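J.: Numbering-wise (the working numbering), the sequence shown opens with residue 3 and increments by one.
Have a look at the structure that comes next, please.
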Amino acid sequence: MIDWDVAISTGVRFARQGPQVSLADARAVVAELRGLTAVVQQPVRELTGLTSQGAVGPVAVVDRPGWIRANVSGFRVVLEPLAEKLAERSNSVPVAGSVFGTIGSRATGMQAGLILAYLSSRVLGQYELFLPPGEGGPSAGNGVNGNAGAHGTGANGTGSNGTAANGGGSGVGRLTLVAPNIVMVERELGVDPHDFRRWVCLHEETHRVQFTSVPWLRGYVQGMMTEFLLASDLDAGAILDRMRSAATAVADAVRGGEGESLVEAMQTPAQRALLDKLTAVMTLVEGHGDYVMDAVGPSVVPSVADIRDKFSHRRGSAGRMEQILRRILGIDLKMKQYEQGSRFVTTVVEEAGMAGFNKVWTSPETLPTRAELANPREWLERVA
């Protein structure tokens, strides 16, 4: 289906170089980021009222190639159910190892690698849920590359990953920070680097608290992801129709339209319903992360107001080509998730307090729908 070795080699080859720093400075950045994840744990827990159950998992500070390799490992875990389904229907698709199967898997591997190369310079951090069995995460030294380019890793979509519900994957996730991207952005914004690093760690630590404090949340996301993948329609005619929709989405993005992203255009009807639920829960966790960043920020990040102002401006100041790529890949949708989710959390906390908001974590039934995210008072009336 996808030649992941080709994806890794392509991604690493086309990934941009990180900012240049001395070897000593690179090591100092890695050490500081690892230390900050421990420093921000208590403020996040005090504000949210959430307490991690058991182990919280490792911390990794990695370079861009390291981010690509880590995400490929996660994709392999996520896509295993779909690969098994394809194998069952091998009479209608190219058999793995055949000439056509090999060519197709290499082509999709190159495409995946190019997307990973693009994303590898844009993600500041993530909380990974998709971990192969027994994987403990890269060492801190992976955040330093060559003669001192501090590099880092991250992920797309939610900034969070989840593992397939087939028993694969590690029992805990991994908090990953992208050292070169953090250094790059703090330089571009001209903000205090130590404050900015702490600010980023607040967001990612919030995700770790969410998934380690709410026992059912990880499995819920895992199950939804698996259902989404298994809802793929493997019929040749249906695939052709979705390819036409994808071409239309790309053309619309180039024209500057407001149509579907590539991901949305490739969905089956069943996947659209599932994606609505996935989008709702990821909008909640991303918005909660943004809310915590700003709420905890003033007590632990002195220049948080300056950082937020400049960072928000940067989000909306992309060039024309960047805007096209963001539309095609659905990154603009993720930015809207941050904004809508943060508004939802702010409104609910103002109306019902943090204890009232935390009812959202009671069960899948208490999660907000997409309609409730847009109108928080509907959720307050239903749940809180």
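Note that the Cβ used here is the ideal one computed from N, Cα and C, for glycine as well.
If you're wondering where the values come from, they're calculated on a predicted model, not measured in any experiment.
Within 10 angstroms of its Cβ, does residue 21 collect 16 or more other Cβ (buried), or is it exposed?
T.: Label assigned to residue 21: buried.
J.: Taking all protein chains shown into account, do 16 or more other C-beta atoms lie within 10 angstroms of the C-beta of residue 290, making it buried, or fewer, making it exposed?
T.: Residue 290 is buried by the Cβ-count criterion.
J.: Rounded to a whole number of angstroms, what is the C-alpha to C-alpha distance between residue 53 and residue 219?
T.: Spanning the two alpha carbons is a distance of roughly 14 Å.
J.: Buried or exposed: which applies to residue 352, given that a residue is buried once 16 or more other Cβ atoms fall within 10 Å of its Cβ?
T.: That one is exposed.
J.: What residues match up with residue 81 in a beta bridge as DSSP calls it?
T.: Partner(s): none; residue 81 has no beta bridge.
J.: When we look at the beta-carbon of residue 364 and count the other beta-carbons within 10 Å, is it buried (16 or more) or exposed?
T.: Its Cβ having fewer than 16 others within 10 Å, residue 364 is exposed.
J.: Just confirm the distance between the C-beta atoms of residue 114 and residue 9, as a whole number of angstroms; I'd bet it's less than 8 Å.
T.: Between residue 9 and residue 114 the Cβ distance is about 4 Å, and since that is below 8 Å, they are a contact.
J.: Do residue 212 and residue 287 have their CB atoms nearer than 7 Å?
T.: Yes, they are a contact pair.
J.: With DSSP as the reference, please indicate the residues paired to residue 130 in a beta bridge.
T.: Paired residue(s): 176.
J.: Could you check how far apart the C-beta atoms of residue 295 and residue 204 are, in whole angstroms? I think they sit under 8 Å.
T.: With a Cβ gap of about 5 Å, residue 295 and residue 204 count as contacting.
J.: Considering only residues of the same chain and omitting the five flanking positions on each side of residue 361, which have a CB-CB separation below 7 Å?
T.: If we look at residue 361 and ignore the five residues flanking it on each side, its Cβ neighbours are 368, 385, 386.
J.: One question on the structure: do residue 111 and residue 70 come within less than 7 Å of each other, judged by their Cβ atoms?
T.: Going by C-beta atoms, residue 111 is not nearer than 7 Å to residue 70.
J.: With a cut-off of 8 Å on the beta carbons, I'd call residue 301 and residue 45 a contact; round off their distance for me.
T.: About 7 Å; that satisfies the 8 Å criterion.
J.: Determine the direct distance from the alpha carbon of residue 349 to that of residue 374, and round the result to whole angstroms.
T.: Spanning the two alpha carbons is a distance of roughly 12 Å.
J.: Measure the C-alpha to C-alpha separation of residue 305 and residue 124 and round it to an integer number of angstroms.
T.: Near 22 Å, if we compare the C-alpha coordinates of residue 124 and residue 305.
J.: Please report the straight-line C-alpha distance between residue 314 and residue 340, rounded to a whole angstrom.
T.: Distance between the alpha carbons of residue 314 and residue 340: 11 Å.
J.: Taking its Cβ as the centre, do 16 or more other Cβ atoms sit within 10 Å of residue 76, making it buried, or is it exposed?
T.: Its Cβ being crowded by 16 or more others within 10 Å, residue 76 is buried.
J.: Between 26, 181, 35, which has its C-alpha nearest residue 68's C-alpha?
T.: That would be 181, whose Cα lies nearest to the Cα of residue 68.
J.: Tell me whether residue 22 sits in a helix, a strand or coil according to DSSP, three-state version.
T.: Residue 22 falls in the strand class under three-state DSSP.
J.: Could you give the residue range of the beta strand (DSSP E) that holds residue 298?
T.: First-last for residue 298: 271 to 302, but that is the alpha helix (DSSP H), not the beta strand (DSSP E).
J.: Buried or exposed, going by whether 16 or more other CB atoms sit within 10 Å of the CB of residue 55?
T.: When all chains shown are included, residue 55 counts as exposed.
J.: Please go through the same chain and pick out, in chain order, the residues whose beta-carbon is closer than 8 Å to the beta-carbon of residue 49, but skip the five residues on each side of it.
T.: 294, 297, 298, 356, listed in sequence order.
J.: According to DSSP, is residue 63 helix, strand or coil?
T.: If DSSP states are grouped into helix, strand and coil, residue 63 belongs with the strands.
J.: If we ignore side chains and look at the alpha-carbon of each, how far apart do residue 64 and residue 178 end up?
T.: Answer to the nearest angstrom: the Cα atoms are 7 Å apart.
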